[in-house]
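Worksheet: the structure to be examined is printed underneath.
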Amino acid sequence: MVDAVRHLAQKIKPARELDQLKGVLGPQKRLVLVTTHRRENWGDPMRHICQAIKRITETHEDLQVILPVHPNPVVKDMIESELKNTSRIHLVTPLSYEALIALERDADLILTDSGGIQEEAPEFGTPLLILRKTTERPEALISGLAKLVGTCEQTITDEAAHILKCKHTKIDRQNPFGDGHGSQRIAAAVESHINSAD
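As C-alpha coordinates, then:
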(Lines of atoms letter the chains of each structure in order from A and count residues from 1; the text may use other names and numbers.)
(Lines give C-alpha, C1' and ligand atoms only; values in the text may rest on other atoms or scores of the structure.)
Protein backbone atom coordinates (compact mmCIF):
# COMPACT_ATOMS: atom_id res chain seq x y z
CA MET A 1 0.00 0.00 0.00
CA VAL A 2 2.82 2.43 0.83
CA ASP A 3 4.26 2.01 -2.67
CA ALA A 4 0.91 2.85 -4.25
CA VAL A 5 0.28 5.83 -1.97
CA ARG A 6 3.73 7.29 -2.61
CA HIS A 7 3.40 6.81 -6.38
CA LEU A 8 -0.09 8.30 -6.43
CA ALA A 9 0.86 11.30 -4.28
CA GLN A 10 3.60 12.20 -6.74
CA LYS A 11 1.24 11.94 -9.72
CA ILE A 12 -1.83 13.71 -8.33
CA LYS A 13 -3.09 16.50 -10.54
CA PRO A 14 -5.58 19.16 -9.39
CA ALA A 15 -8.74 17.26 -10.27
CA ARG A 16 -12.06 19.07 -10.52
CA GLU A 17 -13.17 17.91 -7.06
CA LEU A 18 -9.96 19.26 -5.51
CA ASP A 19 -10.59 22.59 -7.21
CA GLN A 20 -14.12 22.54 -5.81
CA LEU A 21 -12.78 21.84 -2.31
CA LYS A 22 -10.36 24.74 -2.62
CA GLY A 23 -13.36 26.89 -3.39
CA VAL A 24 -14.94 26.20 0.02
CA LEU A 25 -11.75 26.20 2.08
CA GLY A 26 -10.71 29.43 3.71
CA PRO A 27 -7.29 30.86 2.88
CA GLN A 28 -4.45 30.58 5.38
CA LYS A 29 -6.33 28.12 7.58
CA ARG A 30 -5.06 24.80 8.85
CA LEU A 31 -6.82 21.67 7.67
CA VAL A 32 -8.30 18.81 9.68
CA LEU A 33 -9.55 15.77 7.75
CA VAL A 34 -12.20 13.63 9.43
CA THR A 35 -13.63 10.28 8.32
CA THR A 36 -15.98 8.15 10.38
CA HIS A 37 -18.36 5.41 9.35
CA ARG A 38 -17.67 2.20 11.29
CA ARG A 39 -20.69 0.32 12.62
CA GLU A 40 -19.14 0.18 16.10
CA ASN A 41 -19.35 4.00 16.19
CA TRP A 42 -22.99 4.32 15.17
CA GLY A 43 -25.29 6.11 17.60
CA ASP A 44 -23.91 7.87 20.66
CA PRO A 45 -20.22 7.28 19.83
CA MET A 46 -20.64 9.09 16.50
CA ARG A 47 -22.58 11.87 18.20
CA HIS A 48 -19.67 12.31 20.63
CA ILE A 49 -17.23 12.42 17.71
CA CYS A 50 -19.31 15.13 16.03
CA GLN A 51 -19.50 17.15 19.24
CA ALA A 52 -15.73 16.90 19.61
CA ILE A 53 -15.21 18.11 16.03
CA LYS A 54 -17.46 21.08 16.73
CA ARG A 55 -15.57 21.95 19.93
CA ILE A 56 -12.18 21.64 18.24
CA THR A 57 -13.29 23.99 15.48
CA GLU A 58 -14.83 26.48 17.90
CA THR A 59 -11.67 26.68 20.02
CA HIS A 60 -9.26 26.95 17.07
CA GLU A 61 -10.25 29.82 14.81
CA ASP A 62 -7.47 28.98 12.35
CA LEU A 63 -8.96 25.57 11.54
CA GLN A 64 -11.21 24.25 8.82
CA VAL A 65 -12.57 20.71 8.72
CA ILE A 66 -13.28 18.54 5.70
CA LEU A 67 -15.54 15.57 6.41
CA PRO A 68 -16.48 13.31 3.47
CA VAL A 69 -19.87 11.94 4.53
CA HIS A 70 -20.45 8.21 4.11
CA PRO A 71 -23.69 7.56 2.15
CA ASN A 72 -25.07 5.07 4.71
CA PRO A 73 -28.23 6.80 6.05
CA VAL A 74 -27.34 5.94 9.66
CA VAL A 75 -24.03 7.78 9.31
CA LYS A 76 -25.23 10.54 6.99
CA ASP A 77 -28.26 11.49 9.10
CA MET A 78 -26.24 11.63 12.33
CA ILE A 79 -23.41 13.73 10.89
CA GLU A 80 -25.72 16.15 9.11
CA SER A 81 -27.96 16.60 12.16
CA GLU A 82 -24.94 17.41 14.33
CA LEU A 83 -22.68 19.36 11.99
CA LYS A 84 -24.61 20.75 9.02
CA ASN A 85 -24.28 24.53 8.62
CA THR A 86 -21.52 24.71 11.24
CA SER A 87 -18.94 27.37 10.43
CA ARG A 88 -15.68 26.04 8.94
CA ILE A 89 -16.90 22.42 8.96
CA HIS A 90 -17.36 21.33 5.36
CA LEU A 91 -19.46 18.21 4.82
CA VAL A 92 -18.71 16.86 1.35
CA THR A 93 -19.76 13.87 -0.72
CA PRO A 94 -17.41 10.86 -0.78
CA LEU A 95 -14.15 11.66 -2.56
CA SER A 96 -12.12 9.82 -5.15
CA TYR A 97 -9.09 7.98 -3.83
CA GLU A 98 -6.79 10.54 -5.44
CA ALA A 99 -8.55 13.45 -3.72
CA LEU A 100 -8.52 11.66 -0.37
CA ILE A 101 -4.79 10.99 -0.64
CA ALA A 102 -4.20 14.65 -1.51
CA LEU A 103 -6.10 15.72 1.61
CA GLU A 104 -4.20 13.24 3.79
CA ARG A 105 -0.98 14.73 2.44
CA ASP A 106 -2.06 18.33 2.99
CA ALA A 107 -3.87 17.95 6.33
CA ASP A 108 -2.42 19.17 9.62
CA LEU A 109 -4.37 16.50 11.54
CA ILE A 110 -6.53 13.50 10.68
CA LEU A 111 -9.30 12.03 12.83
CA THR A 112 -10.50 8.68 11.52
CA ASP A 113 -11.89 5.24 12.26
CA SER A 114 -10.72 4.00 8.84
CA GLY A 115 -8.22 1.17 8.66
CA GLY A 116 -6.75 2.19 5.31
CA ILE A 117 -6.03 5.75 6.36
CA GLN A 118 -4.05 4.42 9.33
CA GLU A 119 -1.62 2.96 6.79
CA GLU A 120 -1.71 5.86 4.33
CA ALA A 121 -1.32 8.92 6.58
CA PRO A 122 2.09 7.90 8.05
CA GLU A 123 3.58 8.24 4.56
CA PHE A 124 3.01 11.99 4.84
CA GLY A 125 3.88 12.37 8.52
CA THR A 126 0.35 13.59 9.20
CA PRO A 127 -0.61 13.03 12.86
CA LEU A 128 -3.51 10.67 13.27
CA LEU A 129 -6.09 10.27 16.04
CA ILE A 130 -7.85 6.92 15.74
CA LEU A 131 -11.52 7.09 16.71
CA ARG A 132 -11.66 3.52 17.99
CA LYS A 133 -10.93 1.55 21.15
CA THR A 134 -8.62 -0.89 19.33
CA THR A 135 -6.72 -1.08 16.06
CA GLU A 136 -5.41 -3.90 13.90
CA ARG A 137 -2.48 -1.68 12.95
CA PRO A 138 -0.39 -1.22 16.13
CA GLU A 139 2.68 -0.23 14.09
CA ALA A 140 1.36 3.32 13.74
CA LEU A 141 0.86 3.54 17.51
CA ILE A 142 4.32 2.19 18.31
CA SER A 143 5.94 4.62 15.89
CA GLY A 144 4.22 7.60 17.51
CA LEU A 145 2.47 8.58 14.28
CA ALA A 146 -0.98 7.71 15.62
CA LYS A 147 -2.86 7.56 18.89
CA LEU A 148 -5.97 5.66 19.94
CA VAL A 149 -8.49 8.12 21.37
CA GLY A 150 -11.79 6.22 21.19
CA THR A 151 -15.01 8.21 20.96
CA CYS A 152 -15.00 10.22 24.20
CA GLU A 153 -15.65 13.87 23.33
CA GLN A 154 -13.27 15.21 25.97
CA THR A 155 -10.44 12.84 25.05
CA ILE A 156 -10.69 13.64 21.34
CA THR A 157 -10.80 17.37 22.07
CA ASP A 158 -7.83 17.26 24.44
CA GLU A 159 -5.64 15.14 22.15
CA ALA A 160 -6.43 17.30 19.13
CA ALA A 161 -5.62 20.45 21.10
CA HIS A 162 -2.29 18.92 22.16
CA ILE A 163 -1.30 18.37 18.53
CA LEU A 164 -2.70 21.63 17.20
CA LYS A 165 -0.86 23.78 19.74
CA CYS A 166 2.17 23.30 17.48
CA LYS A 167 2.25 25.50 14.41
CA HIS A 168 3.83 22.70 12.37
CA THR A 169 2.18 19.36 13.14
CA LYS A 170 3.90 17.03 10.67
CA ILE A 171 5.89 14.20 12.27
CA ASP A 172 9.29 13.29 10.83
CA ARG A 173 9.41 9.55 11.49
CA GLN A 174 10.05 6.48 9.38
CA ASN A 175 6.85 4.98 8.00
CA PRO A 176 6.33 1.69 9.89
CA PHE A 177 4.38 0.21 6.98
CA GLY A 178 7.22 0.35 4.45
CA ASP A 179 9.68 2.52 2.57
CA GLY A 180 7.84 2.65 -0.75
CA HIS A 181 10.13 0.14 -2.46
CA GLY A 182 8.47 -3.12 -1.44
CA SER A 183 6.97 -3.76 -4.87
CA GLN A 184 10.40 -3.42 -6.51
CA ARG A 185 11.91 -5.94 -4.09
CA ILE A 186 9.03 -8.36 -4.66
CA ALA A 187 9.38 -8.07 -8.44
CA ALA A 188 13.14 -8.64 -8.18
CA ALA A 189 12.63 -11.70 -5.96
CA VAL A 190 10.06 -13.18 -8.34
CA GLU A 191 12.31 -12.53 -11.34
CA SER A 192 15.26 -14.09 -9.53
CA HIS A 193 13.21 -17.16 -8.65
CA ILE A 194 12.01 -17.57 -12.24
CA ASN A 195 15.53 -17.19 -13.62
CA SER A 196 16.98 -19.68 -11.15
CA ALA A 197 14.37 -22.24 -12.16
CA ASP A 198 15.54 -22.19 -15.80
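The opening residue of the sequence shown carries number 424 in my numbering; numbering runs sequentially from there. Backbone N, C-alpha and C define an ideal beta-carbon position, used for all residues, glycine too.
Rounded to whole angstroms, the separation of the alpha carbons of Ile617 and Ala530 is 43 Å. Taking all protein chains in view, the Cβ of Gln487 is crowded by 16 or more other Cβ atoms within 10 Å, so the residue is classified as buried.
The beta carbon of Ala544 lies closer than 7 Å to those of Glu527, Ile533 and Leu551 in the same chain, with the five residues before and after it left out. Contact between the region 463 to 472 and the region 554 to 574 is present: three or more C-beta pairs spanning the two stretches fall below 8 Å. Selection Leu514, Ile579, Thr549 and His513 evaluated against Ala525 yields Thr549 as nearest (Cα-Cα). Contact annotation: Arg560 and Gln541 have beta-carbon atoms nearer than 8 Å. Within the same chain, Glu505, Leu506, Thr509 and Ile512 come within 8 Å of Lys477 by CB-CB distance, once the 5 residues on both sides are set aside. The C-beta distance from His471 to Asp536 rounds to 12 Å, too long to meet the 8 Å contact threshold. In the three-state reduction of the DSSP assignment, Gln597 falls in the coil class. Here Thr535 carries a strand assignment [DSSP, helix/strand/coil]. For secondary structure counted as the beta strand (DSSP E) over 3 or more consecutive residues, the region 490 to 529 holds these complete runs in sequence order: 512 to 515. DSSP lists Thr535 and Leu571 as the bridge partner or partners of Ile553. Within the region 449 to 484, the runs of alpha helix (DSSP H) at least 4 residues long that lie entirely inside it are, in chain order, 467 to 482. Take Ala569, set aside five residues on each side of it, and the residues of its chain with a beta-carbon closer than 7 Å to its own are Gln541, Leu551, Ile553 and Ala563, in chain order.
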